[in-house]
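Novice: In my numbering, the protein residues as written are -11 to 161. All residues carry an ideal CB built from backbone N, CA and C; glycine is no exception. All values reported here derive from a predicted model rather than from experimental measurement. Below you will find the structure I want to go over with you.
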C-alpha cells in the first residue's frame, strides 16, 4: 500500500504531457524506492515480509530483564525471532540496497526495450510511457526459475557472501 501510495504521489506531481527520458525514468524509480525504504520506522518494510504476530514482543517468554527467552519459545517462534533479527540487521539492509540497485538497472533495460531505446533516450510523454510500463507486470511476475530479476539478484556476489556468512554463523551456534 505504501509503495503504491508513494508511486502515485510521485506521478501526481507530473503532467501526462511531461516528457520522460531514460534519466528521468531512472531517477523517478530510484525516488520511489528510496521513499518506500525510508518511510516510517527504519525497518517498517519488514511488515511486508513477515506477519505482524511474529514481532519479538509477541513471541517467546520475556524474562525480567526484558530479553526474550528463546529456551521457552517454540521452534517456530525461535525461527521467527532469528529471521526478524537477520532482516533487521544493518548487513541485510546493505544487501537490500545492493539488490534494489541491481533490480532498477534491469528494470531500466526492460523499460528501454519496451519503449524503444531511441524513444526513451530522446524522451516520450508520460501518457505514452505509463501504459507500456503497466504491461511489465508479466515480466515481473514470471516463474522464479525463469525470472530475469531473480537471476540477476542471484548473480550479485554480495548475496553469496552474505548467505555464506549467515549460514556459517548459524551452523556455529
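1. Would DSSP call residue 113 helix, strand or coil?
2. Compare the beta carbon distance of residue 94 and residue 136 with 9 Å and say whether it is the shorter of the two.
3. In or out: residue 163 buried (at least 16 other Cβ within 10 Å) or exposed?
4. How close, in whole Å, do the beta carbons of residue 34 and residue 76 come, if the pair is a contact with beta carbons under 8 Å?
5. Please determine, among 2, 9, 5, 132, the residue with the shortest C-alpha to C-alpha distance to residue 110.
6. Assuming the contact rule is C-beta atoms closer than 8 Å, residue 138 and residue 147 should be a hit. Round their C-beta distance to whole Å, please.
7. First and last residue of the alpha helix (DSSP H) that includes residue 166?
8. Taking C-alpha atoms, which residue in 65, 100, 132 lies nearest to residue 11?
9. Among 26, 72, 121, 18, which has the Cα closest to the Cα of residue 92?
10. Taking its Cβ as the centre, do 16 or more other Cβ atoms sit within 10 Å of residue 149, making it buried, or is it exposed?
11. Would you kindly work out how many angstroms separate the C-alpha atoms of residue 1 and residue 104, rounded to a whole number?
12. Would you mind giving the Cβ-Cβ distance between residue 154 and residue 74, rounded to the nearest angstrom? I have them listed as a contact below 8 Å.
Specialist: With the given structure in hand:
1. Strand at residue 113.
2. Yes, the pair counts as a contact, with Cβ atoms nearer than the cut-off.
3. No answer is possible for residue 163: the residues shown for the chain start at -11 and end at 161.
4. Distance from residue 34 to residue 76 at the Cβ level is roughly 7 Å; contact confirmed, criterion being Cβ atoms closer than 8 Å.
5. Checked all of 2, 9, 5, 132; the closest Cα to residue 110 is 9.
6. Actually they are not in contact, since the Cβ atoms of residue 138 and residue 147 sit about 11 Å apart, beyond 8 Å.
7. Residue 166 falls outside the range modelled here, since the chain spans only -11 to 161, and no answer is possible.
8. Answer by Cα proximity: 100.
9. Of the residues 26, 72, 121, 18, the one whose Cα lies closest to the Cα of residue 92 is 18.
10. It is exposed - the Cβ of residue 149 has fewer than 16 other Cβ atoms within 10 Å.
11. The alpha-carbon of residue 1 is positioned some 25 Å away from that of residue 104.
12. Yes, they are in contact, since the Cβ atoms of residue 154 and residue 74 sit about 7 Å apart, within 8 Å.
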